[in-house]
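Undergrad: Mapping of the sequence shown onto numbering that gives the first Met the number 0: residues 0 to 941, in sequence order. Got a structure for you, questions after.
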Amino acid sequence: MLDLFRMEAESHSQSLTSGLLELEKNQSPENVEPLMRAAHSLKGAGRIVGLTGVVGISHAMEDVLEACRKGERVLVSQDIDRLLAATDFFSEMAQMDASELEEWLFANATAIQSAADDLAKPVFAEVAGPAKDEAPKTEIPEDLGGVQAEDRTEVEDESAVIPKVEVPSAPKAEVSLADLSMLDLFRMEAESHSQSLTAGLLELEKNQSTDKVEPLMRAAHSMKGAARIVGLMDAVDLAHAMEDLLVACQKGEVKLVPEQIDVLLASTDIYDECAQLDTDSIQEFLSSKKPEMDLLEKGLRGDLDEVRKVLAEINSGEDSSVDVAAVDLPTPATDGPAVTESLPENAAPPVQKKVKSPVKKASKISEAVVRVSAENLNRLMALAGESLVEAGRLSIFAAAMLRLKAGQRSLMKVVESAVERIGNGEPLELVINEIKADLSENQKMLSEHASDFDVYRRRSDNISGRLYNEVIASRMRPFSDGGRGFPRLVRDLAKSLGKEVDFIVEGEATAVDRDILERLEAPLNHIIRNSVDHGIEMGPERVAAGKPPKGTIKVIAGHRAGMLFIEVRDDGKGMDPERIRAKVVEKKLAPSRMAAEMSRAELMEFLFLPGFSTAGKVTEISGRGVGLDVVHSMVQEVGGTVRADSEPGEGMSFSMQLPLTLSVIRTLLVEISGEPYAVPLSRISRIASILPDQLQLVEDRQYVSLDNANVGLVPASQILGTAVTKKDDENIKVVVISDRMNKYGLVVDDFMGEQDLVVRPLDSRFGKVPDINSVALMPDGSPVLILDAEDLVRSIDNLLSGGRLTKVGMDAVNTGPVQRILVVDDSLTVREVERKLLANHGYEVDTAVDGMDGFNAVVSGDYDLVVTDVDMPRMNGLELTRKIKSNPDYKAIPVMMVSYKDREEDKLRGLEAGADYYLTKSSFHDETLLTAVEDLIGGVNQ
């Protein structure tokens, strides 16, 4: 449900943003109406998934817009700013993992409530005319500025670097905001240097040799120069302080302690966050960070006591003017009491990143741009040139074909002339010899050009293959690009928990598709956090177990058998299979007798179930049972597999097998009802050809025994709704697919062989086609549908639950008509909740997005019941009900209204419009809705 809420938040936040910008220009009611409905939908979606904070702020937005629509309030620029800021919260929610949403809402509860309160004030404030549109000013305490100036005298060799006093104080806007292309270059440089600084500082913490310091000093110096070029003087000052400290370290005047590394890393995070922003947001961001940057500069230039004081001040938030930003690195390790309590007494905690209001990230357009190396481009250009030259040879073949055509025409004339000459008495042998000579010439010409054409074909195939491989290579990135934040994550997390952990990556140069690499970050983050938090033991515990006090987490990446293989392993305490077995029985996921017979590999599969956790306590870091479910979902989305293994006392490992690229997949072609279909090989457990006498019948369901396990058989034609075809071959062809808990044998007509296919998405106008993932073109140009294994498993489950599954070799049994229900609601979340609730009880359910769409569905369909919301765009539920009940063709269809409005007058309005039932949406959580449905149309097949 949270995933659906995220999708709805993304859709409505986009429409709210664009609509509010239009509203600022023209506050006509037609501009306000869709915004009010979007806020209302977000409120409903938030309520259905139980996110109270979301309901509060969306309700406040709806109130403001309602007042504007009624003419009670003219929105001024400040109101639009507040509405946009509130919308940003939803944009931020849409970009994060569902597993992190509740944690983020908890961390931002105060900010969200404050924004809701600010929104509420203008609605009830006296309308006295628009306030002046003034830009907010950032107040900087004078004492911080004074400390900054004093502390600069503590650097012994200030002349060795460019003195701060020599930095010109030219107007910033003159350079930094006038030339946005320069700011783009600064963002790129900030990204590059912040990555190298983060990695280098982690190495420096282990070994402070001069050769380790040199590149860091140069990176800070380059950052300082880049910031000065675009006039970002606050960024210049901070980079200057970083450079000064690193110079002192290089000269041996200072030996960096962990607290100073913390401050350097926190300073680096400022530049890393700059790299993620839109160019027009950087100046504003740095202004908002000025108090924190001053504190960091103070720490960089102070002694150890000063450093600790700065860290404590930032961590505790004693200075109310400091707003420590959230960093994009996956480091949520240091923000909870459970973590802080485990710190060693004499250790200074690492800088805690407080989550703040959403920052305006780089636009989607810029995110779609990818960097390709010059070497890649040169190779692509060379191959494109070769392809162009080869294409030019086609004109030669065209001319040759014309000559051959002329030769054939000439030969025909010779034959016609020969007929006349034979009729005139000329010797037959002479005429035939002349014809043979002409035929021989044409044959020679045809052979030469056929040979040339075959050479051309082979060269074209070679160039096309190389060109395609080069394009694929341009989409690949080294694995290390996706894991830059992991060493920092392990370092900060281990430090906060009082543990020592070595983090090792093998196969950093392994090429990975950009799309897969981006999706890998969250799953690997979950696994690594679990390893540090629950896997690696505390030092004394490790020593007592005969292990070194420092734990090890290793990530291994490589290519195996045409797939990307990634393994994450640790040498911690591992997981006891018996604990998992007990948890399975406790959660009633399997009977105790069945659980007792499960192998270790089968037990490990339960770890990937939503909400399954064996952690003794829930911490701020892990233990909620959501992380591994996210891992499994991501791997399934890209067509891969994930396995867990553990040896108690020895450690834990997670192995992921993923496709090398998402643009091309290896498939098994099968024939179903006389048509070819493709099944991704990565989703196939095995295939088999069985005889009819191998079929078994258990509880009226067909099974076959494969690999010592019963596999249920399902006709593919029934799942896809295609015609059943008769086969001459008595062997039954089975493709075994599975999810985490079940295996099914998909019965097909024939196996057609393996094929690499270039994946093409279905036209968006089709929407989501059940059981179909995408489409591809066969080598002969004909289209083939690629099946969606996840959808197939769900469809099979639905057929099983409804008892509608036909047996292999038997015609479909007529189980009687199934009641059809139409659900009409403008909220995707509510629609899906109602659809699943009704479908799980055997009803056939269709959906519509508003009253207009719903009435069109009623006209074109044949429904036994309509379930509708009240407040919807275009046509609301009351209007839809009146329209259905006023039409003699449809007035007999029962209509049920389901709304959040529970007042008696709302219920009376619904019943007066013609509704047969009026329920509140709290009925989703008990049997009320199902009871009402059965009351109106009866149970399934009644």
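We put the beta carbon where it would ideally sit given N, CA and C, even for glycine.
Considering Cα atoms alone, identify which of P548, L466, I111 and E469 is closest to K498.
TA: As a first step, residue 498 is located in the sequence shown; it is residue number 499 there, counting from the start. Of P548, L466, I111 and E469, the residue nearest in Cα terms is P548.
Undergrad: What alpha helix (DSSP H) runs, 4 residues minimum, are completely inside the stretch 699-761?
TA: Here the runs fully enclosed are 715-719.
Undergrad: Does the distance from the CB of L82 to the CB of M60 come in under 9 Å?
TA: Indexing the sequence shown from 1 puts residue 82 at position 83. Indexing the sequence shown from 1 puts residue 60 at position 61. Result yes, Cβ atoms of L82 and M60 sit closer than 9 Å.
Undergrad: Can you grab the Cα-Cα spacing for the pair K254 / V663, in whole Å?
TA: Counted from its first residue, the sequence shown places residue 254 at position 255. Counted from its first residue, the sequence shown places residue 663 at position 664. The alpha-carbon atoms of K254 and V663 are separated by roughly 52 Å.
Undergrad: Under DSSP, the beta strand (DSSP E) around D845 begins and ends at which residues?
TA: The residue labelled residue 845 in the question sits at position 846 within the sequence shown. Here the beta strand (DSSP E) through D845 covers E843 to A847.
Undergrad: Determine the direct distance from the alpha carbon of K223 to that of G298, and round the result to whole angstroms.
TA: Here the question's residue 298 lines up with position 299 in the sequence shown. Here the question's residue 223 lines up with position 224 in the sequence shown. Approximately 18 Å, taken between the alpha carbons.
Undergrad: Is the separation between the beta-carbon of D233 and that of K288 shorter than 9 Å?
TA: The sequence position of residue 233 within the sequence shown is 234, counting from 1. The sequence position of residue 288 within the sequence shown is 289, counting from 1. A contact, by the Cβ cut-off of 9 Å.
Undergrad: Can you give me the Cβ contacts of L203 inside the same chain, cut-off strictly under 6 Å, excluding the 5 residues immediately before and after it?
TA: Translated into positions along the sequence shown, residue 203 becomes position 204. Once the five neighbours on either side are set aside, the close Cβ partners of L203 are K211.
Undergrad: Name the residue from T86, I579 and S10 whose alpha carbon lies nearest to the alpha carbon of L20.
TA: Here the question's residue 20 lines up with position 21 in the sequence shown. When only C-alpha atoms are compared, the closest one is T86.
Undergrad: What number of angstroms, rounded off, separates the C-alpha of G937 from the C-alpha of D762?
TA: By one-based count along the sequence shown, residue 937 stands at place 938. By one-based count along the sequence shown, residue 762 stands at place 763. Each residue's Cα considered, the two are about 38 Å apart.
Undergrad: In angstroms with no decimal places, state the Cα-to-Cα distance between E272 and G301.
TA: Here the question's residue 272 lines up with position 273 in the sequence shown. Here the question's residue 301 lines up with position 302 in the sequence shown. Taking the straight line joining both Cα atoms gives about 25 Å.
Undergrad: Under 9 Å between the Cβ atoms of D796 and N741?
TA: Mapped onto the sequence shown, residue 796 falls at position 797. Mapped onto the sequence shown, residue 741 falls at position 742. Contact flag set, yes.
Undergrad: Kindly indicate which residue of L690, S473, L667 and A97 has the alpha-carbon position closest to the one of I683.
TA: Taking the first residue of the sequence shown as position 1, residue 683 is located at position 684. For I683, the nearest C-alpha among the options comes from L667.
Undergrad: From Q442 to R759, what does the alpha carbon distance come to, in whole angstroms?
TA: Mapped onto the sequence shown, residue 442 falls at position 443. Mapped onto the sequence shown, residue 759 falls at position 760. Using only the alpha carbons, I get a separation of about 44 Å.
Undergrad: Looking only at C-alpha atoms, which of G673, I503, T509 and P872 sits nearest to A198?
TA: As a working mapping, residue 198 is identified with position 199 in the sequence shown. Of the listed residues, the one whose Cα sits closest to A198 is I503.
Undergrad: Is it a yes or a no for the stretch 897-913 touching the stretch 48-66, going by three-plus beta-carbon pairs under 8 Å?
TA: The stretch 897-913 is not in contact with the stretch 48-66.
Undergrad: Please classify T109 as buried or exposed, where buried requires at least 16 neighbouring CB atoms within 10 angstroms.
TA: Locating residue 109 in the sequence shown gives position 110, where the first residue counts as 1. T109 comes out exposed.
Undergrad: Using only alpha-carbon positions, find the residue among E670, N730 and Q701 that is nearest to T721.
TA: In the sequence shown, residue 721 corresponds to position 722, counting from 1. Checking every option, the nearest Cα to that of T721 belongs to E670.
Undergrad: Decide if D901 is buried, meaning its Cβ has at least 16 other Cβ atoms within 10 Å, or exposed.
TA: Start at 1 with the first residue of the sequence shown, and residue 901 comes out as number 902. Result: exposed.
Undergrad: Among the residues of its own chain, which have a CB less than 7 Å from the CB of A914, if the five just before and after it don't count?
TA: The count along the sequence shown starts at 1 and reaches residue 914 at position 915. Correct list, in chain order: T880, V894, M895 and M896.
Undergrad: Counting along the chain, where does the beta strand (DSSP E) carrying Q656 start and finish?
TA: Reading the sequence shown from its first residue, position 657 is the one you call residue 656. Per DSSP, Q656 belongs to the beta strand (DSSP E) from G650 to P658.
Undergrad: Return the chain-ordered list of same chain residues with a C-beta closer than 7 Å to the C-beta of E29, the five sequence neighbours on each side being excluded.
TA: For the purposes of this step, residue 29 is identified with residue 30 of the sequence shown, where counting begins at 1. Nothing meets the Cβ criterion.
Undergrad: What are the boundary residues of the alpha helix (DSSP H) that K954 is part of?
TA: The requested residue 954 is not part of the displayed model; the chain covers only 0 to 941.
Undergrad: For a quick check, are the C-beta atoms of E878 and G850 less than 9 Å apart?
TA: Position 879 of the sequence shown, counted from the start, is the residue given in the question as residue 878. Position 851 of the sequence shown, counted from the start, is the residue given in the question as residue 850. In contact: E878 and G850 (Cβ atoms closer than 9 Å).
Undergrad: For N855, which residues in the same chain have their Cβ closer than 8 Å to its Cβ, ignoring the five residues on either side in sequence?
TA: Along the sequence shown, read from residue 1 onward, the residue named residue 855 stands at position 856. Closer than 8 Å at the Cβ level, and outside the excluded window around N855, lie A847.
Undergrad: Would you say L196 and A219 are within 9 Å of each other, going by their C-beta atoms?
TA: Start at 1 with the first residue of the sequence shown, and residue 196 comes out as number 197. Start at 1 with the first residue of the sequence shown, and residue 219 comes out as number 220. Contact flag set, yes.
Undergrad: Can you tell me where the beta strand (DSSP E) with I555 in it begins and where it stops?
TA: Taking the sequence shown and counting its residues from 1, one reaches residue 555 at position 556. First-last of the beta strand (DSSP E) with I555: G550 to R559.
Undergrad: Compute the Euclidean distance between the alpha carbons of L929 and E9, then round it to the nearest angstrom.
TA: The residue given as residue 929 occupies position 930 in the sequence shown. The residue given as residue 9 occupies position 10 in the sequence shown. Distance between the alpha carbons of L929 and E9: 31 Å.
Undergrad: Step through the CB atoms of chain C and report whether any lies within less than 9 Å of the CB of A417.
TA: The chain inventory of the structure shown lacks chain C, comprising one protein chain alone.
Undergrad: Could you name each continuous alpha helix (DSSP H) segment of 4 residues or more that falls completely within the stretch 866-903, going from the start of the chain to the end?
TA: Listed in chain order, they are 876-884.
Undergrad: Note down, in chain order, each residue of its chain lying with its Cβ closer than 7 Å to the Cβ of D644, except the 5 sequence neighbours on either side.
TA: As a working mapping, residue 644 is identified with position 645 in the sequence shown. Counting only Cβ-Cβ distances below 7 Å, and skipping sequence neighbours, we find M603 and S652.
Undergrad: Rounded to the nearest angstrom, what separates D824 and I269 at their Cα positions?
TA: Residue mapping note: residue 824 aligns to position 825 of the sequence shown, counting from 1. Residue mapping note: residue 269 aligns to position 270 of the sequence shown, counting from 1. Each residue's alpha carbon lies about 44 Å from the other.
Undergrad: Confirm, please, whether the CB-CB distance from A226 to A238 is below 9 Å.
TA: Position 239 of the sequence shown, counted from the first residue, corresponds to residue 238. Position 227 of the sequence shown, counted from the first residue, corresponds to residue 226. Cβ atoms of A238 and A226: closer than 9 Å.
Undergrad: Using a threshold of 9 Å, state whether the C-beta atoms of N875 and V869 are closer than that.
TA: Position 876 of the sequence shown, counted from the first residue, corresponds to residue 875. Position 870 of the sequence shown, counted from the first residue, corresponds to residue 869. Yes.
Undergrad: So, L788 versus P679, is the Cβ gap smaller than 9 Å?
TA: If you number the sequence shown from 1, residue 788 lands on position 789. If you number the sequence shown from 1, residue 679 lands on position 680. A small correction: the amino acid at residue 788 is Ala; Leu does not occupy that position in the sequence shown. In contact: A788 and P679 (Cβ atoms closer than 9 Å).
Undergrad: On the premise that L935 lies in contact with Y916, defined as a C-beta separation below 8 Å, what is that separation, rounded to the nearest angstrom?
TA: Indexing the sequence shown from 1 puts residue 916 at position 917. Indexing the sequence shown from 1 puts residue 935 at position 936. The Cβ separation is near 7 Å, so the contact holds.
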